[in-house]
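K.L.:
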Amino acid sequence: MLLKIGSITVRPGISLAPMAGITGYPFRLLAKEQGCPLLYSEMISARGLLYNSRRHCHLLYFTEEERPIGFQIFGSEPAVMAKAAVQLEALGVDFVDLNLGCPTPKVTRNGDGGALLRNPALCSEIFKAVSRAVTCPVTVKLRKGWDAHSVNVVDVALRAEEAGIKAVAVHGRTVEQGYSGSADWDIIAKVKESLSIPVIGNGDINSPQSAGAMFSHCGCDGVMIGRAARGNPWIFSSALAWLKNNELPEPPPVEQLVETALKHLSMLIDLKGERVAIREMRQHAAYYIKSLPGAAAVRQKINRASSYQETENILREFCRCLLND
Ligand SMILES: Cc1cc2nc3c(=O)[nH]c(=O)nc-3n(C[C@H](O)[C@H](O)[C@H](O)COP(=O)(O)O)c2cc1C
Numbered sequence: 004m005l006l007k008i009g010s011i012t013v014r015p016g017i018s019l020a021p022m023a024g025i026t027g028y029p030f031r032l033l034a035k036e037q038g039c040p041l042l043y044s045e046m047i048s049a050r051g052l053l054y055n056s057r058r059h060c061h062l063l064y065f066t067e068e069e070r071p072i073g074f075q076i077f078g079s080e081p082a083v084m085a086k087a088a089v090q091l092e093a094l095g096v097d098f099v100d101l102n103l104g105c106p107t108p109k110v111t112r113n114g115d116g117g118a119l120l121r122n123p124a125l126c127s128e129i130f131k132a133v134s135r136a137v138t139c140p141v142t143v144k145l146r147k148g149w150d151a152h153s154v155n156v157v158d159v160a161l162r163a164e165e166a167g168i169k170a171v172a173v174h175g176r177t178v179e180q181g182y183s184g185s186a187d188w189d190i191i192a193k194v195k196e197s198l199s200i201p202v203i204g205n206g207d208i209n210s211p212q213s214a215g216a217m218f219s220h221c222g223c224d225g226v227m228i229g230r231a232a233r234g235n236p237w238i239f240s241s242a243l244a245w246l247k248n249n250e251l252p253e254p255p256p257v258e259q260l261v262e263t264a265l266k267h268l269s270m271l272i273d274l275k276g277e278r279v280a281i282r283e284m285r286q287h288a289a290y291y292i293k294s295l296p297g298a299a300a301v302r303q304k305i306n307r308a309s310s311y312q313e314t315e316n317i318l319r320e321f322c323r324c325l326l327n328d
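This note's numbering puts the first residue of the sequence shown at 4, with every later residue one more than the last.
#1: Let me make sure I understand the geometry here. Which of P21, T111, E165 has the alpha-carbon closest to that of E179?
#2: Give the DSSP-derived three-state secondary structure of S44 in the structure shown.
#3: Cβ atoms of L145 and L103: under 7 Å apart, would you say?
#4: Note down, in chain order, each residue of its chain lying with its Cβ closer than 8 Å to the Cβ of C324, except the 5 sequence neighbours on either side.
#5: Out of curiosity, what's the CA-to-CA distance linking H267 and N316?
#6: Would you mind reading off the limits of the beta strand (DSSP E) that contains G226?
#7: Between which two residues does the alpha helix (DSSP H) containing K266 stretch?
#8: To the nearest angstrom, report how far apart L5 and K293 are at their CA atoms.
#9: From the DSSP output, in three-state form, read off R146 for me.
#10: Quick one: what does DSSP say L318 is sitting in, helix, strand or coil?
#11: Count the other C-beta atoms from every protein chain shown that fall within 10 angstroms of the C-beta of H287, then say buried if there are 16 or more, exposed otherwise.
#12: So which residues put a beta carbon under 7 Å from any heavy atom of ligand 2, going in chain order?
#13: Kindly list the residues whose CB is nearer than 6 Å to the CB of G2, restricted to its own chain and excluding five residues on each side of it in sequence; keep chain order.
#14: Which of the three DSSP states is assigned to K7 in this structure?
#15: Suppose you measure from the CA of S10 to the CA of G95; what does that come to, to the nearest Å?
#16: For F239, collect the residues of the same chain with a Cβ closer than 6 Å to its Cβ; drop the 5 residues on either side in sequence, then sort them by chain order.
#17: Can you tell me whether A186 is helix, strand or coil according to DSSP?
#18: Hey, out of K131, Y64, R50, D224, whose CA is closest to E165's CA?
#19: Decide if the segment 148–160 is in contact with the segment 10–26; the criterion is three or more beta carbon pairs, one per stretch, under 8 Å apart.
#20: For R57 and N209, I'd like the C-alpha separation in whole angstroms.
#21: Express the C-alpha separation of K193 and V202 in angstroms, rounding to a whole number.
#22: Less than 6 Å between C-beta atoms, sequence neighbours within five positions excluded: which residues of the same chain meet that for P211?
#23: Do L41 and R31 have their beta-carbon atoms positioned less than 7 Å apart in this structure?
#24: Take A160 as the anchor and find which of Y182, A186, I191, S183 has the nearest alpha-carbon.
#25: For the alpha helix (DSSP H) containing N248, name the first residue and the last one.
#26: Taking the alpha carbon of E45 as the point to measure from, which residue in L52, L53, F74, T66 has its own alpha carbon closest?
#27: Here's a check: name, in chain order, each residue in its chain whose Cβ is nearer than 6 Å to the Cβ of V257, leaving out the five neighbours to either side.
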């Protein structure tokens with residue numbers, strides 16, 4: 004469970020998956036507060052970073068307490084990817100991660116993200132160009148393959164290793180699958196058997212126990228938690244407790260859910276201003292409260308709120324109602 008990415012060492016190798024629209028600075032900090040050992044940024048367009056960096060300043064914001072932190076870029080031009088990595092290194096990120104898994108048509112239609120898996124030779128060029136351009140470690144996040152007929156993650160991961168990439172994360176679904184079906188943990192095990200660099204398993208960890216199960220099943224050096232962390236940064240403290248001594252902490256009480264959601268909103272406001280933050284908070288708030296009775300009606304109210312004060316009133320009233328029930 005020791006994960007070494009170049010000179011970065013984390014134990015146990017549990018990480019927050021990169022998630023566009025979710026893993027900005029506020030959420031990463033909440034995950035870190037729950038002990039998440041390794042953080043990734045949301046994906047950032049390599050071209051966007053080079054040619055329109057001011058638009059990306061919110062995405063690039065991070066703080067010392069988040070270290071070690073990796074920033075992820077997507078794109079398909081080796082020279083552009085390399086220059087973007089240099090820019091990230093200059094900002095002081097601990098490592099640069101390359102996105103070779105995004106299934107979103109807006110990304111794949113340009114040959115970026117998961118579409119790169121259809122062109123292994125280009126993958127090798129990108130790996131080499133980026134590895135040569137920076138001194139910090141470079142990692143890669145892959146899917147199983149483009150579709151069920153072209154499962155080539157072992158080949159692409161070997162190319163990564165050969166090019167000097169320091170670790171690979173594998174999401175056990177094909178690009179065509181999107182998020183449907185279940186993640187294939189056997190393919191993650193196969194990548195681990197085939198490589199000497201560290202392998203991080205990803206896909207369908209939805210509890211502390213399943214984090215442990217992925218380590219055992221895949222023999223991987225690290226695991227990466229995505230969707231199950233949304234509105235639930237406590238999954239990291241629970242997974243750490245489970246892996247350490249098979250203990251499962253109590254889930255957070257409703258007051259803590261509400262306080263954490265409000266802290267998340269405050270940080271989003273500081274970063275992006277109230278108007279944008281209120282809009283972005285809608286999805287986060289829905290995840291924080293999703294397991295509570297009456298959440299659907301409260302979600303609708305939050306969706307209509309236009310200020311911090313209004314959102315706070317709705318959440319505190321919800322909390323009072325639940326505690327008085
Ligand atoms: C809303 C959302 C945004 C995502 N954005 C990214 C991203 O920016 N980069 C990336 O490599 N993967 C992205 N992913 C994929 C996740 O990192 C992860 O591979 C996937 O959700 C499977 O892991 P899970 O089953 O733990 O959620 C995203 C997933 C979701 C749900």
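Glycine included, C-beta positions come from ideal geometry on N, C-alpha and C. Keep in mind the model is a prediction, meaning the values are calculated, not measured.
P.N.:
According to the data block:
#1: The shortest C-alpha separation from E179 is found at T111.
#2: Secondary structure of S44 (DSSP, three-state): strand.
#3: In terms of Cβ geometry, L103 and L145 form a close pair [threshold 7 Å].
#4: Non-local C-beta neighbours of C324 in its own chain, meaning closer than 8 Å and more than five positions away in sequence, comprise G297, ordered along the chain.
#5: Inter-residue distance for H267 and N316 is about 15 Å (C-alpha atoms, whole angstroms).
#6: What sits at residue 226 in the sequence shown is Val, not Gly. 225–228 is the span of the beta strand (DSSP E), which, as asked, contains V226.
#7: It spans 257–275 - the alpha helix (DSSP H) in which K266 sits, taken as one unbroken run.
#8: Distance between L5 and K293, taken at the CA atoms: about 33 Å.
#9: Correct three-state label for R146: strand.
#10: Reduced to three states, the DSSP call for L318 is helix.
#11: H287 is buried by the Cβ-count criterion.
#12: Annotation note on ligand 2: not contained in the displayed structure, which lists ligand 1 as its ligands.
#13: Absent from the model: residue 2. The displayed extent of the chain is 4 to 328, so no value can be given.
#14: Strand at K7.
#15: C-alpha separation (whole angstroms): 15 Å.
#16: Within the same chain, Cβ atoms closer than 6 Å to the Cβ of F239 are found at A34, Q37, G38, C39, the five residues on either side in sequence being excluded.
#17: Coil, per DSSP.
#18: The option with the nearest alpha carbon to E165 is K131.
#19: As far as the Cβ criterion goes, the segment 148–160 does not touch the segment 10–26, which means the pair count is below three.
#20: Distance between the alpha carbons of R57 and N209: 36 Å.
#21: The C-alpha of V202 lies about 10 Å from the C-alpha of K193.
#22: Counting only Cβ-Cβ distances below 6 Å, and skipping sequence neighbours, we find S241, A242, W245.
#23: No.
#24: Restricting attention to Y182, A186, I191, S183, the CA atom closest to the CA of A160 is found in I191.
#25: Annotation for N248: the continuous alpha helix (DSSP H) segment containing it runs 237–248.
#26: When C-alpha distances from E45 are compared across L52, L53, F74, T66, the shortest belongs to F74.
#27: Within the same chain, and ignoring the five residues on either side of V257 in sequence, the residues whose Cβ sits closer than 6 Å to its Cβ are C322, L325.
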